[in-house]
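Residue numbering for the sequence shown follows our numbering, beginning at 10 and increasing consecutively.
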Amino acid sequence: MDMDHSNNAMTEIALALAMGFFSIMILTLVSMGAGNGTVADGAALAQASASPANQSRSGVKPIDRMIIYHSGQFMDKELQPVDPAQVVPAEGERVVLALDPEIPMSEALAVRSQVPVGDLIVSALTPEWLAVLKEKSQ
C-alpha cells in the first residue's frame with residue numbers, strides 16, 4: 010500500500026484556518042481584559058473592607074463601594090441601610106455586592122437585578138462577615 014498524503018490539502022488548510030481563528034480569539038480575549046480576574050473572592054473582600062492599616066500591609070486595593078445583602082436588607086460596609094436603586098458609582102469606582110452564600114440562585118439573581126450597576130462584582134460573604142451580621146440581627 011502506498012500512502013499518498015497529497016489528497017489531504019483541504020484538511021491541512023482547514024486546520025491552519027482553525028488555528029488562526031483560535032489565536033485571534035485568544036488575543037482578543039486577553040486584550041479585552043477577560044483574564045484580569047474581575048470576580049472578588051471572599052478573602053480579598055474581607056481584607057479589602059478591613060481597616061486602612063490592614064489594607065496597606067496586605068497590598069490589597071481597597072474596594073470603593075461595598076453593598077451587603079443579608080436577610081432581605083441592603084447595607085453598606087458600616088452596616089447602615091442602603092437603597093440599591095440609588096447606587097451610582099463615580100468614575101473609576103468599583104461596586105461589590107456581597108451575598109450570603111446560602112441564598113438560592115434565583116434570589117441572588119433577583120437581588121443583582123435591583124442594583125443598577127453595569128459591571129457589578131458579586132461575591133460571597135465570608136464567615137467573619139456572616140458572624141457580624143448574625144450578631145447585629147440579634
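By construction, the Cβ of each residue, glycine as well, lies at the ideal position given by its N, Cα and C atoms.
A quick note: this is a predicted structure, and the numbers were derived from the prediction, not measured.
Check: Cβ of L36 within 7 Å of any chain B Cβ; Outcome: In the structure shown, chain B cannot be found, because there is only a single protein chain.
Check: Identified DSSP bridge partners for S132; Outcome: A107
Check: Three-state secondary structure (DSSP) of M114; Outcome: helix
Check: For Q147, the three-state DSSP class (helix, strand or coil); Outcome: coil
Check: Of the listed residues P136, M19, E116 and V97, nearest to L129 (C-alpha basis); Outcome: V97
Check: Alpha-carbon to alpha-carbon, M34 and Q82; Outcome: 41 Å
Check: Expected contact under 8 Å - CB spacing of I76 and P93 to nearest Å; Outcome: 7 Å
Check: Option nearest W138 by Cα separation, candidates S40, V126 and L88; Outcome: L88
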